[in-house]
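Chains as they are written, first to last, in the numbering used here: chain G, 207 to 320; chain F, 35 to 151.
Just so it is clear, CB atoms sit at the ideal spot from N, CA and C, and this is done for glycine as well.
Quick notes on the structure that follows.
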């Protein structure tokens, strides 16, 4: 079975540009999560969806960040405008609901903002 | 608020020996889940093992076992017969189990394990 698919794997762009990260969850999983990993802050949840509905976006750092899940098989995380402090690895994960099921992670997007 | 603490930033173990990675947690929720993930240098996050707060027995998955001590709020990972490929960062995480809503994970800071030949 295909795992969680993220694209792009790497993104290097200049400050002020719009960045869009994409995620395809595992088929049949109804929960989708976006995490950010940095050396300073570790792994932190940005937002998660259940049945395509955003449940908790309290981790989204500021209005420059937005996430959508238009259908069960696709989600985007957008940063506009991007800043150097947004440089991090962004992970998408999916799971079957309830919190007692493991989250399966994509390979991540390594984002560098110059 | 929920919190996960991993007090060992780095650990060394000799190949073929067992090693215990510590994890303590704090929560006021009666229903929660505890997870361990492995992150090798290549960067992916690999699920290893899960323990539910109401599970009576400690979870085991191959060479991995979880030493769950509910009263002490600890969920230590035990890796038996360490292999060179076990060298990686290990994260402990906790979720709140809620009806029909995927539980978000709160992660610890991680422990970097190095296996020596």
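- If the five residues before and after residue 58 of chain F are omitted, its C-beta is found closer than 7 Å to the C-beta atoms of 39, 107 and 108, all from its own chain and listed in chain order.
- Counting every other CB atom within 10 Å of its CB across the protein chains shown gives residue 212 of chain G a total of 16 or more, marking it as buried.
- Comparing C-alpha distances from residue 81 of chain F to each of F/105, F/96, F/88 and F/89 shows the shortest one belongs to F/96.
- Setting aside the 5 residues that flank it on each side, residue 142 of chain F is surrounded in the same chain by 38, 39, 40, 57, 125, 126 and 127, each with a C-beta closer than 8 Å to its C-beta; the list follows chain order.
- Contacts with chain G (Cβ-Cβ distance below 7 Å) from the region 74-103 of chain F involve 77, 78, 79, 81, 84 and 86, listed in chain order.
- Put simply, the backbone Cα of residue 311 of chain G is about 23 Å away from that of residue 291 of chain G.
- Its chain contains 83, 84, 85, 99, 100 and 102 as the residues whose beta carbon lies nearer than 8 Å to that of residue 93 of chain F, once the 5 sequence neighbours on both sides are disregarded; these appear in chain order.
- Of the residues F/47, F/60, F/151 and F/53, the one whose Cα lies closest to the Cα of residue 111 of chain F is F/53.
- If you check the CB distance, residue 319 of chain G and residue 226 of chain G do not come in under 8 Å.
- Within chain F, the residues placing a beta-carbon under 8 Å from that of residue 308 of chain G are 69, 81 and 84, ordered along the chain.
- For secondary structure counted as the beta strand (DSSP E) over 3 or more consecutive residues, the region 207-290 of chain G holds these complete runs in sequence order: 211-213, 216-219, 225-230, 237-244, 248-256, 259-262, 271-277 and 280-285.
- Here residue 284 of chain G really is in contact with residue 224 of chain G; their C-beta atoms are around 7 Å apart, less than 8 Å.
- Residue ranges of uninterrupted beta strand (DSSP E) with 3 or more members, entirely inside the region 35-63 of chain F and ordered along the chain, are 37-39, 44-48, 53-55 and 58-60.
- Cβ neighbours of residue 47 of chain F within its own chain (closer than 6 Å, five residues either side excluded): 53, 116 and 149.
- In the assembly as shown, residue 244 of chain G is an exposed residue. Its beta-carbon has fewer than 16 other beta-carbons within 10 Å.
- Counting every other CB atom within 10 Å of its CB across the protein chains shown gives residue 210 of chain G a total of 16 or more, marking it as buried.
- Close to chain F, meaning a Cβ-Cβ distance shorter than 9 Å, are the following residues of the region 234-248 of chain G: 235, 236, 237, 238, 239, 241, 243 and 248.
- Inter-residue distance for residue 67 of chain F and residue 129 of chain F is about 5 Å (C-alpha atoms, whole angstroms).
- Excluding residues up to 5 positions away in sequence, 36 lie with their Cβ nearer than 6 Å to the Cβ of residue 61 of chain F in the same chain.
- Cα atoms of residue 278 of chain G and residue 231 of chain G: separation of roughly 8 Å, rounded to the nearest angstrom.
- Counted as a single uninterrupted DSSP element, the beta strand (DSSP E) harbouring residue 139 of chain F occupies residues 139-141.
- Looking only at F/146, F/145, F/138 and F/151, the smallest Cα-Cα distance to residue 251 of chain G is reached by F/138.
- Identification of residues in the region 276-301 of chain G having a C-beta nearer than 9 Å to some C-beta of chain F yields 295, 297, 299, 300 and 301, given in sequence order.
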